[in-house]
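Sequence order for the protein chains is E and V. For the first sequence, position 74 (counting from the first letter as 1) is numbered 74 according to full-length UniProt numbering, and the numbering increases by one without interruption. For the second sequence, position 118 (counting from the first letter as 1) is numbered 118 according to full-length UniProt numbering, and the numbering increases by one without interruption. Heads up, the beta-carbon is just placed ideally off N, CA and C, and yes, glycines get one too. As the structure is a computational prediction, the values presented were derived from the model and not from experiment.
There are 2 protein chains.
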Amino acid sequence: MSGFEADERLARDSELLTKIGLCELRLMNDARWPWLVLVPQRADACEIFDLTPLDQTMLTFEINLVAEALKRTTDATKINVGALGNIVRQLHIHVIARSEGDPNWPGPVWGFGAAEAWDEDSKAAFTAKLLEKLSS
Amino acid sequence: MSGFEADERLARDSELLTKIGLCELRLMNDARWPWLVLVPQRADACEIFDLTPLDQTMLTFEINLVAEALKRTTDATKINVGALGNIVRQLHIHVIARSEGDPNWPGPVWGFGAAEAWDEDSKAAFTAKLLEKLSS
């Protein structure tokens with residue numbers, strides 16, 4: 001993990017929840033959707049194929065672990081997973097819980113409207129439930 | 001692969017290029033971006049975590065194989081990878097070549113404007129180059 005540091009914009013737009021093996025697990029500062037971001041702790045990775053095969057497998061495992069925990073936390077209609085990186089080049093993977101009728105449903109979350117701040121109590125409750133599902 | 005058939009809308013919106021192990025590799029009928037879709041040939045899979053661990057690993061391998069070949073085919077700025085499925089529930093993974101200044105850059109491709117038909121010659125040239133990069 002030498003040389004790794006979360007990109008400045010990612011650090012500003014999201015909050016570190018925990019570290020799980022390869023990745024930092026972060027929560028986006030946007031209460032409109034339960035929106036997580038996984039950041040592999042590898043300096044200079046931009047594309048998934050920049051990772052070693054072992055890291056790719058680890059990443060797949062961690063994406064699915066988090067996606068499933070998020071599904072069980074929210075009972076969402078669909079989990080959206082995306083690695084875009086058109087703005088922030090540091091490799092990061094979005095894992096978002098989507099439900100019918102949520103903002104911009106069934107369109108994507110990226111580039112839609114403006115972020116809304118979390119209420120601190122809701123954020124604490126969501127985070128506690130997610131971390132519990134992650135470890136059960 | 002018993003029981004697998006590509007979803008009706010996926011079949012209408014894209015064209016089968018080849019099959020690579022687990023997935024069908026399809027080209028979207030939209031010339032605005034070089035836009036591929038991988039469809040695991042598994043009936044009833046909606047989320048990546050519905051797949052067995054072996055299939056998940058295969059999928060990761062195939063996504064990265066295709067993403068890297070697409071990068072070498074197009075020399076794009078960034079490869080976007082996404083599994084959304086808010087409209088078509090059958091598990092499918094988008095792999096899209098994005099370049100600065102392309103339609104809706106740096107926003108996402110999903111839900112943006114209307115598809116544009118490929119010119120047959122450009123499509124044939126793109127497909128031939130992609131398939132060659134895939135196997136080299």
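Chain V contact for residue i (CB, 8 Å cutoff)
| i | result |
| --- | --- |
| E:Asn-29 | no |
Residue from the options with nearest C-alpha to residue i
| i | options | result |
| --- | --- | --- |
| E:Gln-56 | V:Glu-47, V:Ala-97, V:Thr-60, V:Gln-41 | V:Thr-60 |
| E:Glu-68 | E:Ile-48, E:Arg-89, E:Val-95 | E:Val-95 |
| V:Glu-116 | V:Arg-32, V:Thr-18, V:Arg-89 | V:Arg-32 |
| V:Asp-30 | V:Ala-45, V:Arg-12, V:Glu-47, V:Val-88 | V:Arg-12 |
| V:Ser-14 | V:Lys-123, V:Asp-50, V:Gly-101, V:Thr-73 | V:Lys-123 |
| E:Pro-106 | V:Arg-89, V:Pro-103, V:Leu-51 | V:Arg-89 |
| E:Ala-45 | E:Phe-112, E:Pro-103, E:His-92 | E:His-92 |
| residue 171 of chain V | V:Glu-120, V:Leu-27, V:Met-28, V:Ala-83 | It is not possible to answer for residue 171 of chain V, since the shown part of chain V is limited to 1 through 136. |
| E:Pro-17 | E:Trp-35, E:Met-58, E:Arg-9 | First, the amino acid is wrong: residue 17 of chain E is Leu here, not Pro. Among E:Trp-35, E:Met-58, E:Arg-9, the Cα nearest to that of E:Leu-17 is on E:Trp-35. |
| V:Ser-135 | V:Ala-6, V:Ile-20, V:Glu-8 | V:Ile-20 |
| E:Met-58 | E:Glu-24, E:Asn-86, E:Met-28 | E:Glu-24 |
| V:Phe-112 | V:Trp-118, V:Val-39, V:Glu-120, V:Pro-103 | V:Pro-103 |
| E:Met-28 | E:Asp-7, E:Glu-5, E:Gly-85, E:Trp-118 | E:Trp-118 |
| E:Leu-130 | E:Arg-9, E:Glu-8, E:Arg-26, E:Val-39 | E:Arg-26 |
| V:Gly-85 | V:Asp-121, V:Glu-120, V:Val-39 | V:Val-39 |
Supposed close pair residue i, residue j - CB separation, criterion 8 Å
| i | j | result |
| --- | --- | --- |
| E:Leu-22 | E:Gln-41 | 6 Å |
| V:Ile-79 | V:Lys-71 | 6 Å |
| E:Gly-48 | V:Val-81 | It should be pointed out that residue 48 of chain E corresponds to Ile in this sequence rather than to Gly. Contact holds; Cβ gap of about 7 Å. |
| E:Pro-108 | V:Trp-110 | 5 Å |
| V:Ala-43 | V:Gly-3 | 4 Å |
| E:Ala-97 | E:Thr-127 | 13 Å between Cβ atoms; not a contact. |
| V:Ala-114 | V:Ser-99 | Contact doesn't hold; Cβ gap of about 20 Å is too wide. |
Amino acids of chain A, ordered along the chain, whose beta-carbon sits closer than 7 Å to that of residue i
| i | result |
| --- | --- |
| V:Lys-78 | Absent here is chain A; the protein component of the structure consists of chains E and V. |
Start and end residues, beta strand (DSSP E) containing residue i
| i | result |
| --- | --- |
| V:Pro-108 | No beta strand (DSSP E) contains V:Pro-108, which DSSP labels as neither H nor E. |
| residue 165 of chain E | This structure cannot speak to residue 165 of chain E, because chain E is shown only from 1 to 136. |
| V:Ala-83 | 78-83 |
| V:Val-39 | 35-40 |
Min CB distance residue i to chain E below 8 Å
| i | result |
| --- | --- |
| V:Gly-21 | no |
| V:Gly-82 | yes |
Limits of the unbroken alpha helix (DSSP H) element including residue i
| i | result |
| --- | --- |
| E:Ala-97 | Taken as a continuous stretch (DSSP letters only), E:Ala-97 belongs to no alpha helix (DSSP H), being part of the beta strand (DSSP E) at 93-98. |
| E:Glu-15 | Where E:Glu-15 is concerned, there is no enclosing alpha helix (DSSP H), although the beta strand (DSSP E) it sits in stretches over 14-20. |
| V:Pro-53 | 53-74 |
| E:Glu-132 | 120-134 |
Contact residues within the region 94-113 of chain E, judged by C-beta distance below 7 Å to chain V
When CB distances to chain V are screened at a threshold of 7 Å, the residues of the region 94-113 of chain E falling below it are Arg-98, Trp-105, Pro-106, Gly-107, Pro-108, Trp-110, Gly-111, in chain order.
By the 9 Å beta-carbon criterion, what residues does the region 34-67 of chain E contribute toward chain V?
Near chain V, meaning a CB-to-CB distance below 9 Å, the residues of the region 34-67 of chain E are Cys-46, Glu-47, Ile-48, Phe-49, Leu-51, Pro-53, Gln-56, Thr-57, Leu-59, Thr-60, Phe-61, Ile-63, Asn-64, Leu-65, Ala-67.
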